[in-house]
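>
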Amino acid sequence: MFIISFSETIITVIVIVTVTGRNHNLCTNLMAPSTTGNSSTCTKFQSSGSEEDLKVLMDQRKNKRKVSNRESARRCRMRKQNHIDDMMNQVSQLTKDKSEILTSVNITTQHYLNVEAENSILRAQIIELNQRFESLNGIINLINTSTTNGNGAYERDCYLTSDENFMNPINMLYLNEPTHYGF
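The structure is reproduced here in structure tokens:
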């Protein structure tokens, strides 16, 4: 039977040998490095002690180990539970953050679609205005080419410069002529 006790500097091993009904105690000291010197102590059980005393001592140590193991297991369970609680809180926070991000993405997507629709309308208006601009430039070019004589001088009677010429149907005849631009 072996009993091992640990202290800070000395490891004691007690070997109990039963020879012809008597208990003989052998004590072996294993020295660990010590800062206090090379002194050693050994607790010996006298042969007058009974085996019951040894059993009581072993039971006490066994009970201490059980209590220590239970306490250690309890602390471990508490650490695990705290870790689980922290992880659950983190999951809850991340779920909340995800929801906020999705809401933000949806709002941003809606803004993007609205701006894209406005841009599409503006592009269509640009095309229409460019066509009007080209049409008006064509009309201006037509007017300019039809109102000049061969010398580059403008003919005054084609322009509606006075009040009497404004509603004169004879002056309006050239506006009803077909153009070469396809308008």
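Residues in the sequence shown are numbered consecutively from 31, following this note's numbering.
Just so you know, even glycine gets a beta-carbon here, dropped at the ideal spot from N, CA and C.
Which first and last residues belong to the alpha helix (DSSP H) in which S80 is found?
Position 50 of the sequence shown holds residue 80. Note, S80: premise wrong, no alpha helix (DSSP H); not H, not E.
> Do you know how far the Cα of H113 is from the Cα of M88?
If you number the sequence shown from 1, residue 88 lands on position 58. If you number the sequence shown from 1, residue 113 lands on position 83. Whole-angstrom Cα-Cα distance: 37 Å.
> Using the Cα positions of D127 and R109, report the straight-line distance between them to the nearest angstrom.
By 1-based counting over the sequence shown, the position of residue 127 is 97. By 1-based counting over the sequence shown, the position of residue 109 is 79. When rounded, the distance between both Cα atoms is 27 Å.
> Report the rounded CA-to-CA distance for N99 versus R91, giving the unit in angstroms.
Position 69 of the sequence shown, counted from the start, is the residue given in the question as residue 99. Position 61 of the sequence shown, counted from the start, is the residue given in the question as residue 91. Using only the alpha carbons, I get a separation of about 12 Å.
> Using only the alpha-carbon positions, how far apart do T139 and L132 sit?
Taking the sequence shown and counting its residues from 1, one reaches residue 139 at position 109. Taking the sequence shown and counting its residues from 1, one reaches residue 132 at position 102. Roughly 10 Å between the two C-alpha positions.
> Taking only the alpha-carbon atoms, compute the straight-line gap between R153 and E164 and give it to the nearest angstrom.
Here the question's residue 153 lines up with position 123 in the sequence shown. Here the question's residue 164 lines up with position 134 in the sequence shown. Distance between the alpha carbons of R153 and E164 is about 16 Å.
> Check N55 in the structure and name its three-state DSSP category.
Here residue 55 refers to the residue found at position 25 of the sequence shown. Model confidence at N55 stands at a pLDDT of 48, short of 50, so the residue's coordinates are unreliable and nothing is read from them.
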